[in-house]
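In order, the protein sequences belong to chains A and B. Reminder that position 353 of the first sequence reads as 352 in numbering that gives the first Met the number 0, one-by-one numbering, no gaps. Reminder that position 37 of the second sequence reads as 36 in numbering that gives the first Met the number 0, one-by-one numbering, no gaps. Taking it in order: structure first as structure tokens, then the write-up.
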Amino acid sequence: MTSISSASPAFTGRDPKNRLYGPLPDVSEEAGYVEEHPKRVGFFTDTSVCIGCKACEVACKEWNFLPMDDAHGNRDVMGLSGMSYDNTGQLGANSWRHVAFIEQSRTVDLPMPSVGLPGATRQDSGPSPANSSEQSTVEAQASVLNAEALSEFDPQTAQSGTDTQIRWLMSSDVCKHCTHAACLDVCPTGALFRTEYGTVVVQGDICNGCGYCVPACPYGVIDQRKEDGRVFKCTMCYDRLTDGLQPACASACPTSSIQFGDLDELQARADARLATLQSQGVETARLYGRDEDDGVGGAGAFFLLLDEPEVYGLPPDPIVTTRDLPAMWKSAATAAAMMLGVALSAVLGSRKR
Amino acid sequence: MTEGLATPGAGWRRADGPPAQQRQKRRRRSGRRAAGEVAMVDEAEFTSYYGRPIIKPPVWKSPDVPLYLFLGGAAGSSSILGAIADLSGRPALTRVARLTAGGGSILSVVFLIHDLGRPERFLHMLRVFKPTSPLSVGSYILAPFSAAAGATAAVELLGWFPRLKRFGGAVAALFGGPLATYTAVLLTNTAVPSWHAVHDKLPFVFASSAMAAGGGITMVFTPVAEAGPSRKMAVTGAAIELTMMRRVEHDHGIVSEPYRIGRPGRMLDAARACTAVGAGLTVLVGRTRLGAVASGTLLAAGSLLTRFGVFEAGLTSARDPKYTVIPQRERLAARQQEDHASSVTS
Chain A
0 MTSISSASPA FTGRDPKNRL YGPLPDVSEE AGYVEEHPKR VGFFTDTSVC
50 IGCKACEVAC KEWNFLPMDD AHGNRDVMGL SGMSYDNTGQ LGANSWRHVA
100 FIEQSRTVDL PMPSVGLPGA TRQDSGPSPA NSSEQSTVEA QASVLNAEAL
150 SEFDPQTAQS GTDTQIRWLM SSDVCKHCTH AACLDVCPTG ALFRTEYGTV
200 VVQGDICNGC GYCVPACPYG VIDQRKEDGR VFKCTMCYDR LTDGLQPACA
250 SACPTSSIQF GDLDELQARA DARLATLQSQ GVETARLYGR DEDDGVGGAG
300 AFFLLLDEPE VYGLPPDPIV TTRDLPAMWK SAATAAAMML GVALSAVLGS
350 RKR
Chain B
0 MTEGLATPGA GWRRADGPPA QQRQKRRRRS GRRAAGEVAM VDEAEFTSYY
50 GRPIIKPPVW KSPDVPLYLF LGGAAGSSSI LGAIADLSGR PALTRVARLT
100 AGGGSILSVV FLIHDLGRPE RFLHMLRVFK PTSPLSVGSY ILAPFSAAAG
150 ATAAVELLGW FPRLKRFGGA VAALFGGPLA TYTAVLLTNT AVPSWHAVHD
200 KLPFVFASSA MAAGGGITMV FTPVAEAGPS RKMAVTGAAI ELTMMRRVEH
250 DHGIVSEPYR IGRPGRMLDA ARACTAVGAG LTVLVGRTRL GAVASGTLLA
300 AGSLLTRFGV FEAGLTSARD PKYTVIPQRE RLAARQQEDH ASSVTS
């Protein structure tokens with residue numbers, strides 16, 4: 000294992016095409032773990048089964064000794080956000096998991112669906128689990144969470160009145176551990192580094208609190224503790240990983256909404272889950288952060304969402320800022336040359352005395 | 000099956016969400032400038048999570064960082080002017096430029112360190128070199144610059160080592176240009192929408208603003224007979240600054256908006272006025288003592304206000320989710336249209 004804090008992941012010359020942007024098959028190797036290293040791990044957060052219990056937030060706070068704060072990141076204040084059942088408000092230095100809560104309504108202009116047992120009136124929709132001889136976990140989950148359940152009987156959706164439907168969306172947000180992590184790219188001290196698991200972690204004894212990573216993150220994840228000066232964010236429980244344990248949030252999740260594992264395996268599982276939901280008519284389901292061709296080269300923590308990303312407070316099309324860094328350096332160099340030229344012509348063009 | 004979940008979007012709206020339109024109009028009215036400005040951006044509807052920002056606004060402190068940007072710029076351009084003036088035999092201008100560069104660099108280091116969350120760990124900046132981090136590159140520009148410019152200014156004051164002085168001034172001049180422009184990359188290499196979008200223009204804004212400031216300050220303290228180069232550099236810088244800032248303020252749709260409205264808008268209005276009047280006065284009365292002092296001060300003030308305005312505009316764009324969501328939505332729509340077009344033609 001080589002020390003990578005002194006190496007710049009983007010400019011070392013190997014594979015110049017995707018150093019700053021685009022898909023990277025082996026992010027740990029690119030970061031300098033050229034010899035053997037564990038497979039890249041990640042989170043798959045399936046929000047269609049999230050019940051908003053916030054066990055992940057509590058487990059994270061307890062394991063990582065995160066101090067208390069209110070919905071705006073103010074330390075040691077017990078504040079209610081007053082906007083919903085979400086009193087955490089945002090990801091920040093003291094909240095490394097954040098369960099978003101959105102109550103939505105829509106008008107239904109069709110007659111009230113008949114109330115009955117799930118599946119009683121619509122046996123035609125969705126694959127029938129009874130027909131297949133072997134039931135995989137996915138199918139078992141699907142029989143509970145078919146489209147009809149999501150639209151009528153699931154706790155996330157309820158009828159209120161005759162013409163308005165209400166549903167609750169809940170999603171446990173977390174650091175994305177991007178393939179191209181802007182926070183890591185812009186860190187001037189090497190405090191942020193890529194672990195052998197492909198995750199991104201801050202070294203607290205190196206960080207000097209310059210704060211550059213804070214506005215660099217396209218998701219607004221990492222933040223500074225004012226009273227401490229340094230920045231903090233999710234480590235994907237680096238300490239637990241090295242001991243062969245799951246991250247605290249994943250082990251606390253009672254519905255397997257947060258799934259931890261090897262990233263390639265999670266991706267396959269997510270694709271299957273999406274296909275199941277779509278075959279059941281849940282066409283608003285989509286994966287977020289799964290695409291390796293997206294602006295951050297794919298995320299290590301990705302999501303299955305039931306609405307547009309911005310509804311959950313996620314950027315719809317994040318792009319790692321360092322994609323444009325070569326163009327910026329070029330502009331800066333040209334501008335510096337311009338200064339030299341102007342100063343030179345100003346001196347040469349002035350008569351002495 | 001009801002249309003509901005089967006159709007994208009499915010008609011779901013946040014149950015308690017305020018109408019997006021009202022919110023935007025209120026914001027607009029409060030911050031509009033009077034002068035018959037045409038609305039650049041449609042009142043686009045967008046969704047957000049309870050109006051919360053998506054990205055985190057920079058935690059950089061307000062007087063520190065804009066002052067650092069200003070001082071670094073003024074010091075950088077003065078050091079170049081000083082080195083060339085030295086070679087062309089203008090001792091008074093050389094002396095003033097060296098003192099400006101030295102003083103500016105030392106002060107800017109102070110402000111930079113003061114802005115750190117852990118100032119005592121400033122030297123951690125120099126433990127690695129990362130081209131992907133403008134702050135790392137900047138540290139390796141600022142460190143030699145402030146050492147060379149500071150030492151040159153010190154020996155200038157003491158009057159020792161004339162040849163070493165010339166060498167120190169040349170080294171400082173070498174790093175002067177990069178010092179003035181890297182700070183633009185520092186701001187644009189973030190997810191802050193109004194900074195990132197102008198990444199090809201901001202280095203030129205900062206370079207020209209630096210020349211206006213450096214030229215202005217040296218003009219104030221140099222005898223008018225020798226300050227010709229200062230005046231020329233300042234006027235050229237001011238002209239480029241005005242042109243480039245106009246493009247920053249208008250060329251980028253909705254993310255240009257923060258440069259025109261609210262506090263940053265007022266600051267940049269003031270900056271424009273100071274810079275334009277300062278440049279005009281330089282041309283007209285820059286050869287009189289009083290005129291040089293007045294116009295030089297105005298140019299420096301214009302540069303300072305530009306830095307504050309650009310900094311504040313970035314904060315504004317980071318705090319309102321619409322500046323993050325709407326451009327990204329437009330980008331997605333354009334990409335989908337492109338995909339669609341290519342799939343039709345092929």
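Positions of the beta carbon are idealized from the N, C-alpha and C atoms, including for glycine.
Asked, Found
"Per-residue contacts from G219 of chain A into chain B (C-beta, under 7 Å)", "P52, I53, I54, K55"
"Stretch pair the segment 150 to 160 of chain B + the segment 265 to 285 of chain A: three plus CB contacts closer than 8 Å", "no"
"Residues that R229 of chain A contacts on chain B, provided the C-beta gap is smaller than 8 Å", "G116, R117"
"Supposed contact pair S193 of chain B and P133 of chain B - C-beta distance, whole angstroms, cut 8 Å", "No, P133 of chain B and S193 of chain B are not in contact; Cβ-Cβ is about 17 Å, not under 8 Å."
"Other residues of its chain near P18 of chain B: CB distance less than 8 Å, five sequence neighbours each side excluded", "With a pLDDT of only 44 at P18 of chain B, under 50, the local geometry of the prediction cannot be trusted, and no value is derived from it."
"Cβ pair G313 of chain B, L115 of chain B closer than 9 Å", "no"
"Other residues of its chain near R89 of chain B: CB distance less than 6 Å, five sequence neighbours each side excluded", "E225"
"Element boundaries [beta strand (DSSP E), containing F301 of chain A]", "300 to 304"
"CB-CB length for Q272 of chain A against L303 of chain A, believed under 8 Å", "According to the sequence displayed, residue 272 of chain A carries Arg and not Gln. The Cβ separation is near 6 Å, so the contact holds."
"Local conformation of A14 of chain B per DSSP, three classes", "coil"
"is_contact[D40 of chain A, chain B] using C-beta, thresh 9 Å", "According to the sequence displayed, residue 40 of chain A carries Val and not Asp. Judged by the 9 Å Cβ criterion, V40 of chain A is not in contact with chain B."
"Sequence-distant residues of its chain with Cβ nearer than 7 Å to Q266 of chain A (five each side left out)", "R289"
"Those residues which DSSP pairs with T106 of chain A across a bridge", "A:T163"
"Ranges of the alpha helix (DSSP H) found wholly within the segment 115 to 164 of chain B, counting only runs of at least 4", "133 to 157"
"CB contact below 9 Å: T234 of chain A versus chain B", "no"
"Per-residue DSSP class, three states only, for L178 of chain B", "helix"
"Beta strand (DSSP E) segment containing Q258 of chain A, residue limits", "257 to 261"
"CB contact below 9 Å: S132 of chain B versus chain A", "yes"
"Inter-residue CB distance, T194 of chain A and Y237 of chain A (contact presumed, cutoff 8 Å)", "6 Å"
"Cβ contact check for the segment 74 to 84 of chain A and the segment 328 to 345 of chain A: 3 or more pairs under 8 Å", "no"
"P217 of chain A, buried or exposed, once every other Cβ within 10 Å from all chains shown has been counted against 16", "buried"
"T281 of chain B vs S294 of chain B beta-carbon contact at 9 Å", "yes"
"Identity of the residue in B:K129, B:L66, B:F45, B:A152 nearest T99 of chain B by Cα", "B:A152"
"Residue of B:F166, B:R245, B:G213, B:P62 minimising C-alpha distance to V204 of chain B", "B:R245"
"Counted within 10 angstroms of its Cβ, other Cβ atoms place A247 of chain A as buried (16 or more) or exposed", "buried"
"Straight-line gap, T287 of chain B to P62 of chain B (C-alpha atoms, nearest Å)", "33 Å"
"Whether V185 of chain A touches T46 of chain B by CB criterion (9 Å)", "no"
"Contact with chain B by L343 of chain A, beta-carbon distance below 9 Å", "yes"
"Neighbour list for C216 of chain A in chain B, Cβ cutoff strictly below 8 Å", "I54, K55, A190"
"Identified DSSP bridge partners for M67 of chain A", "BP columns for M67 of chain A are empty, so no partner."
"Strand pairing of R285 of chain A, partner residues [DSSP]", "A:L304"
"Reduced DSSP category for A57 of chain A - H, G, I as helix; E, B as strand; rest coil", "Looking at the sequence itself, residue 57 of chain A is Val, so the reference to Ala does not match. V57 of chain A: helix per DSSP, three-state reduction."
"Buried or exposed (CB count within 10 angstroms, at least 16 for buried), M366 of chain B", "There is simply no residue 366 of chain B to check, as chain B begins at 0 and stops at 345 in what is shown."
"Residue-chain proximity (G312 of chain A, chain B), Cβ-Cβ < 9 Å", "yes"
"Short Cβ contact (9 Å threshold) for A181 of chain A with V295 of chain A", "yes"
"Limits of the unbroken beta strand (DSSP E) element including V199 of chain A", "199 to 201"
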